[in-house]
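Protein chains: 4
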Amino acid sequence: MNNYSKAGPGPSLRAGLIGYTGYSGAELAGLLGRHADVELVLLNHRKAAGRAPDAAPVACGPHGARTIPHIPWEPRAIQSNKLDVVFTATPPEISQELVPEILAQGARAIDLSGAFRLPTAAEYQRWYGAAHAHPELLEQAVYGLPELHRDKIRTASLVANPGCYPTAAICALWPLLKNDLVDRTAGVICDAKSGVSGAGKNPSPKTHFVQVSENFSAYAILKHRHVPEVLLNAGVDESDFAFTAHLLPTQRGILATHYLRLKQPMSLDAVYDVYRAAYAEARFIRLYPAGSTPQLATVNGTNYCDIHCTLAPDGRRLVVISCIDNLVKGAAGQAVQNMNVMFGLDEAAGLLP
Amino acid sequence: MNNYSKAGPGPSLRAGLIGYTGYSGAELAGLLGRHADVELVLLNHRKAAGRAPDAAPVACGPHGARTIPHIPWEPRAIQSNKLDVVFTATPPEISQELVPEILAQGARAIDLSGAFRLPTAAEYQRWYGAAHAHPELLEQAVYGLPELHRDKIRTASLVANPGCYPTAAICALWPLLKNDLVDRTAGVICDAKSGVSGAGKNPSPKTHFVQVSENFSAYAILKHRHVPEVLLNAGVDESDFAFTAHLLPTQRGILATHYLRLKQPMSLDAVYDVYRAAYAEARFIRLYPAGSTPQLATVNGTNYCDIHCTLAPDGRRLVVISCIDNLVKGAAGQAVQNMNVMFGLDEAAGLLP
Amino acid sequence: MNNYSKAGPGPSLRAGLIGYTGYSGAELAGLLGRHADVELVLLNHRKAAGRAPDAAPVACGPHGARTIPHIPWEPRAIQSNKLDVVFTATPPEISQELVPEILAQGARAIDLSGAFRLPTAAEYQRWYGAAHAHPELLEQAVYGLPELHRDKIRTASLVANPGCYPTAAICALWPLLKNDLVDRTAGVICDAKSGVSGAGKNPSPKTHFVQVSENFSAYAILKHRHVPEVLLNAGVDESDFAFTAHLLPTQRGILATHYLRLKQPMSLDAVYDVYRAAYAEARFIRLYPAGSTPQLATVNGTNYCDIHCTLAPDGRRLVVISCIDNLVKGAAGQAVQNMNVMFGLDEAAGLLP
Amino acid sequence: MNNYSKAGPGPSLRAGLIGYTGYSGAELAGLLGRHADVELVLLNHRKAAGRAPDAAPVACGPHGARTIPHIPWEPRAIQSNKLDVVFTATPPEISQELVPEILAQGARAIDLSGAFRLPTAAEYQRWYGAAHAHPELLEQAVYGLPELHRDKIRTASLVANPGCYPTAAICALWPLLKNDLVDRTAGVICDAKSGVSGAGKNPSPKTHFVQVSENFSAYAILKHRHVPEVLLNAGVDESDFAFTAHLLPTQRGILATHYLRLKQPMSLDAVYDVYRAAYAEARFIRLYPAGSTPQLATVNGTNYCDIHCTLAPDGRRLVVISCIDNLVKGAAGQAVQNMNVMFGLDEAAGLLP
């Protein structure tokens, strides 16, 4: 089952999506709906349904857009629709219900929630404040950051798609940390800023336009539930790491500014070389040339993670900036990238023109 | 009771405010709290309470800001606090409960809802879709647009503070209509655009930042409940009037563009003269010089209504633009202006520096 | 030369683009760069060059994005690069220089400026305030709104791509006017609102973020240079038409609200039927169902023009709303659509997934 | 000259302002124009003139706004207008010309540029890339942060009004650093985010609405010219300090997030007590209660600097957030506060209601 090979032209991978009304799910439905190798089925799950969208306008003349079927979710839908893979863009407690059913029916699963990102039930309990319903799956799940774990993802049955903040932070920090170039005793700092879609589609006083526009604020200072993903995957101890989230008055995009100190003085070129080596196979990591300015506008709408380094004259104090679109590389695009890796497709299929 | 006279320096008018958590109420609390002639009491009404605001920062050193008392609303609070006037910034059905109690206790009332703006219970039923609880007060209520009804407001016990859209539309249209200069058969059009605070503080999918930012939409096309106020006060028949509301991605401000045809050709100067004559006593109507561009930025945060006219070469087709801050001239500022008129204060007290 | 037929798979139409640093030109470079049937060459013209963009980030791993050649513009470049078509996204006075050179070299031309949209040099002089350098081309040019002029566009050597406001206004008004359903004596009104990219990329006090954000203003009231395109193509006299432009605090998008009166009472269904008939072949006109709300978010990033009608109870006063992305259907997308029609490609190639 | 005493009611301090078309200067003109103790004269300086503003609307009825005289700047204007103090909101090279003339005429000067903030010509040369025209004044100038230097400001002839970023950073860092509570070897980090008005009123590609909206970017990483002010006044070595500036898509406001490590574990209460003690006289420093969220909306339009601390469980890693309005506490409001201190007025006069 796991060795998928595409035979001939036309869509040949069959994918299901549960949870397509939230921001990540809607973005994923769009990406999969345009993916040349994928035939998509939307699986309507009661608890993940959300409100009905407003009536949409209808084209007058002939229009060739693919029609995407909507059917009710039930485990048998996997076999009756011959689904190879099912995406769950649902809250973590619902994902915990659905994923075992998906796997039991013989499909592979890519979960966009935080349900399967941590390695133990104890960690999950600590950071999510609830017991995990299926701790046995935590061991089996592979953390879906292809830039770090491509080989494991290839054969995984269950991929835990990373959080948006962790994607930005890990991509920025991992190359230097894994090469043991960082003086951890000086602290590793991630000051992250995210657009409002990161807070979800549920209306609340905090996401009201009048509250957000012309405003900017910090939240979850030193205690965001995305922190343990960073610790585990970038390789840094909790006692050495500081994380602050901020809410930008933008629809999307994360820019994270990292501060760290190198063990030994390096040149900026040498620092960039570390990234080049670590990401030699990474098609979605881009390095910003020195002197230019990283910005959300360059990554929004893409699956790229852009990285930029600035070194102090002492050759040790380093500022690393990473930018992603929180709904693409931070969610839906990365999920597609994971699917591509899992099924032997071109890793950039459906993500680059 | 109605002949208030200020004796000596310092605040001497005692005002109560019910409903201070919505946008208009909060704006009004700010204006009244800084008004040199007013001592303000906030009256906490259960149904109008809203959620508690976030904890606010506290100044370190000595700070001289007036402390505004919060007390529970009950009718007896009017006499025990010697209130001269009570503002109600509450939904229309609550205003209908509260205003009779306020008047019965001997205070004057200024209501910011739509509860008392229409002259008959039948009209109210038609536009608000509900029966009016106190039709007998509709006759007594004075429509609180001082530029039109200053004399009646002076002695009114109950003032119905106008809607935000009607304030912009009536100020733009009334001078030409009352002088019978408009060819009504060609239609009188008001194309109005408002910032999001006009939609209220309640979070909803329509006010979510991600929905509003970089977006613009029309709503309530030809059927806004503010229409009858315009018809009655500007003096135009429903069959000759067209109104469309639009939602701007801004926090505040209304700009309304009006299209009409004059009966006889006029010069632009003559048109402006009509406005100058109609508003000779109006301190908050400003006329834009020809050639310049009206904009929200010039009125936001003020009680002004700015007006600008453009005449086609035929001297008959006319575009009249009016701009207000929907929360000031369209709500709280106008309520203060009404209070100033009712109690013989300087009409601009607390509204101009 | 004009009967282009695509032989076999892969890009086979060769296109040049002069002027790719402005908003429309950059959008067009993006659309053509991803168009499966087009091989694009960017032609660097000194006067249209603009400032060099900031240095862009570079992908670490292998990346398959097509490289688009940049070469200096000179007339001989057309033959040496075997260009079938050249787009000019340049100011009108530069387009007047370039287009005759392009045509003389045997390529077809699509001009995005206003240089060739009006039928006579006198009209051009009146609205653009300058003499036209090549009046002989005005007769030859075809107005590139495929929904109206598809047949003429097919064989045209020179297509004048419409303005953004006219695209929105003509699509909304033309079906009713050409069927003589409108009482023109009551006036035809277009109240149009556009995002800031419509004002061009040149920095000015009027496009500064601090000036635009949280602001909204009217401009070019009754005298925009886009007006004559509407008059000519929708079929309405200047004396019956009123147009006002407004600047929205958004990056893109136009929403235009039209007010008109029907000669005879109609039902809303009958009105929509007029549009359905007029646009039976139009793949980019979408009709909004009654009751729903048209908005920029639904068209931005697409080549659609969305249309929505509201009828007063008298069956005669009508509000027609149209929405487009000013850079796509209002500029670059429409230019691609014109190219598709001119060269016998699928009209939606490169514009729909 | 320096011992100003206010005699009787009404404005009695006479102030001049050179440079009133930029954002800071216009904000200052507004604050001084409403200040009950100040009579303001605008001094028109050729090089600082900027473009003429658009024509403004004119009130119809009587209006009592104070008329502020505009006269040409020349040194003799100081004596002929009996000016006690002159504000210069001009570029640093122009301030260096003007301030000696102002002082020579016997007025006191408050300069809003960076011309007099650094102690030596060498420092000025290093950070501003130009020779200082009047190094002798650098010694005489007092750094105008009243929370730190109130006593020196009282008697100063020349006050150098602080930069916006330094105001936010120094207010956040100084109490802990002066009490020697910080482990400087771990680094002191200031990650600062500012609204667009901080970039000045001059239109540029970087301040174009289309570039800024829905975007966010970092700039001046580790090398902003505001850094030396922070080092000198907060008391930290350049080798221990890291500063990054970011551009927010807002009109105003700075939020700066600081990361530092305490020498010894402390409780959060003890940390806040350090701030309370340091700012016991500071009327414009507000401390946010734990658990709440600092935000721009709470300080914009005010002269407050809001501060919020979060401590890690180890009692040593500390995040300090400070918020100011860059045009008020970061420029014009602080200039008024300095004037109040210099002339023995209530420190909050004209700044609190």
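Protein sequence lines correspond, in order, to chains A, B, C and D.
Quick note on the numbering used here: the first sequence kicks off at 2 and runs consecutively.
Quick note on the numbering used here: the second sequence kicks off at 2 and runs consecutively.
Quick note on the numbering used here: the third sequence kicks off at 2 and runs consecutively.
Quick note on the numbering used here: the fourth sequence kicks off at 2 and runs consecutively.
Quick reminder that beta carbons are idealized off the backbone N, C-alpha and C, glycines included.
Quick check: residue i and residue j, are their CB atoms within less than 8 Å of each other?
i, j, result
"B/Ala90", "B/Gly23", "yes"
"C/Glu75", "C/Val329", "no"
"D/Asp184", "A/Ser240", "no"
"B/Thr245", "C/Tyr220", "no"
"B/His133", "B/Val143", "no"
"A/Leu249", "A/Phe217", "yes"
"B/Asn339", "B/Ile103", "no"
"A/Glu171", "A/Leu139", "One point to set straight first is that residue 171 of chain A is Ile, not Glu, in the sequence displayed. No, the Cβ-Cβ distance between A/Ile171 and A/Leu139 is not below 8 Å."
"D/Asn327", "D/Gly199", "yes"
"C/Ser19", "C/Val87", "The identity of residue 19 of chain C in the sequence shown is Ile, whereas the question assumes Ser. Cβ distance < 8 Å, so C/Ile19 and C/Val87 count as in contact."
For a contact defined as C-beta to C-beta under 7 Å, what are the partners of residue i on chain B?
i, result
"C/Glu28", "Under the 7 Å cutoff, chain B gives no residues; its nearest Cβ is about 16 Å from C/Glu28."
Interface residues of chain C around residue i at Cβ under 8 Å?
i, result
"A/Asp307", "Pro58"
"A/Arg35", "Pro354"
Measure from the C-beta of residue i to each C-beta in chain B and report whether the shortest distance is under 8 Å.
i, result
"C/Ser198", "no"
"D/Gly164", "no"
"C/Gly188", "yes"
"A/Glu137", "no"
"D/Arg262", "no"
"C/Ala219", "yes"
Establish whether the CB of residue i and some CB of chain C are separated by less than 8 Å.
i, result
"A/Leu355", "The requested residue 355 of chain A is not part of the displayed model; chain A covers only 2 to 354."
"B/Asn4", "Legend: pLDDT at B/Asn4 = 38, less than 50; position of this residue unreliable, no value from coordinates given."
"A/Ser293", "yes"
"A/Glu215", "yes"
"A/Glu140", "no"
Against residue i, what residues of chain A qualify as contacts under a CB-to-CB distance less than 9 Å, listed in chain order?
i, result
"B/Thr208", "Pro204, Thr208, His209, Phe210 and Val211"
Could you list which residues in chain D have their beta carbon closer than 7 Å to that of residue i, in chain order?
i, result
"A/Ile124", "It should be noted that the sequence gives Glu, not Ile, for residue 124 of chain A. Neighbours of A/Glu124 on chain D: none; closest Cβ ~16 Å, over 7 Å."
Report yes or no: is there a C-beta of chain D within less than 8 Å of the C-beta of residue i?
i, result
"B/Ala8", "In this predicted model, B/Ala8 has a pLDDT of only 45, less than 50, meaning its place in the structure is not dependable; the value taken from the coordinates is given anyway. So, not an interface residue."
"B/Gly334", "no"
"C/Gln252", "yes"
"B/Ala271", "no"
"A/Phe330", "Note that residue 330 of chain A is Lys in the sequence shown, not Phe. Output row for A/Lys330: interface = no."
So residue i contacts chain B; which residues on that side make the cut at Cβ distance below 9 Å?
i, result
"D/Ala257", "By Cβ distance, chain B contributes nothing, its closest Cβ being about 15 Å from D/Ala257, past 9 Å."
"C/Ile222", "Thr258, Thr294, His309, Thr311, Val320 and Ile322"
How about residue i: is its C-beta nearer than 8 Å to some C-beta of chain A?
i, result
"C/Gly130", "no"
"D/Tyr21", "no"
"D/Ser240", "yes"
"C/Arg77", "no"
Since residue i meets chain D, which of its residues come closer than 8 Å, beta carbon to beta carbon?
i, result
"B/Ala235", "None at all; the shortest Cβ gap to chain D is about 18 Å."
Identify the contact partners of residue i in chain A, using a Cβ-Cβ distance below 7 Å as the criterion.
i, result
"D/Ser323", "Ordered by position in chain A, no residue passes the 7 Å Cβ test against D/Ser323, which lies about 11 Å from the chain."
Residue i versus chain C: which residues are under 9 Å apart at the beta carbon?
i, result
"A/Glu282", "Cys61, Gly62 and Pro63"
### Message
Pairs of beta-carbons, one from the region 36-49 of chain A and one from the region 258-277 of chain C, closer than 8 Å: are there three or more?
### Response
no
### Message
As an exercise, report each continuous beta strand (DSSP E) stretch of at least 3 residues that is fully enclosed by the region 79-105 of chain D, in chain order.
### Response
86-89
### Query
Is the region 252-265 of chain A touching the region 172-189 of chain A, taking contact as three or more C-beta pairs under 8 Å?
yes
### Message
As an exercise, report each continuous beta strand (DSSP E) stretch of at least 3 residues that is fully enclosed by the region 251-338 of chain D, in chain order.
### Response
255-262, 286-288, 306-312 and 318-325
### Message
Check whether the region 306-315 of chain A and the region 278-289 of chain A touch, using three or more Cβ-Cβ pairs below 8 Å as the test.
### Response
yes
### Task
Go through the region 140-207 of chain C residue by residue and report every complete run of the alpha helix (DSSP H) that reaches 4 residues or more, in order.
147-156 and 165-179
### Task
Determine, using beta-carbon pairs with one atom in the region 221-236 of chain B and one in the region 156-169 of chain B, whether at least three such pairs fall under 8 Å.
yes
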